[in-house]
Structure formats: C-alpha cells, structure tokens
Amino acid sequence: MLSNIGIPGLIIVLVIALIIFGPSKLPELGRAVGSTLKEFKKSTRELVSDDDDHEKGKTKLKDDQAI
290 MLSNIGIPGL
300 IIVLVIALII
310 FGPSKLPELG
320 RAVGSTLKEF
330 KKSTRELVSD
340 DDDHEKGKTK
350 LKDDQAI
C-alpha cells in the first residue's frame, strides 16, 4: 500500500501535514507517532514470546507424557 506513494506523494503528504498542524506541532506529532510505534512493537514482541513459551510448554508436556 505505501510502496505506491513514492517520493513526490510523500512530499505532498508532508506539506499538507505542515499546513494543517503548523511547524510547532510537527515535532510533538512525530514524538507521539514514534512512541506509539515503539509501544506497538513492544506489545507484539511480548505476544510472540508468550506464544513461543506456550508452545515450548506443550512440547515439554508431550515429551514428559511419552516417558
């Protein structure tokens, strides 16, 4: 989806954001987006690690039952 935007489209989006939010609000907006992405990545890592731990527990349980 975003691969079709290209450089000219990205520049247009940035100019529109500058007009709408103004130069003083853009750093705040960038920080908010960055912290949101950071929190999202952290949450997905935790979910993946929980799933991995759950799968390892199933495998260990099956191995213990086989003995």
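Following my numbering from start to finish, the sequence shown increments by one per residue and tops out at 356.
Ideal Cβ positions, reconstructed from N, Cα and C, are used throughout, including at glycine.
Remember, it's a predicted structure, so these values are computed and weren't measured experimentally.
Cβ pair residue i, residue j closer than 7 Å
i      : j      : result
Phe310 : Leu318 : yes
Beta-carbon contacts of residue i that lie in its chain and below 6 Å, excluding the five residues immediately before and after
i      : result
Asp339 : none
Cβ-based neighbour list, residue i, same chain, cut-off 7 Å, excluding 5 preceding and 5 following
i      : result
Leu307 : Leu315
*asked:* Suppose only complete runs of 4+ residues qualify. What are the alpha helix (DSSP H) ranges in the region 292-337, listed by chain order?
replied: 295-310
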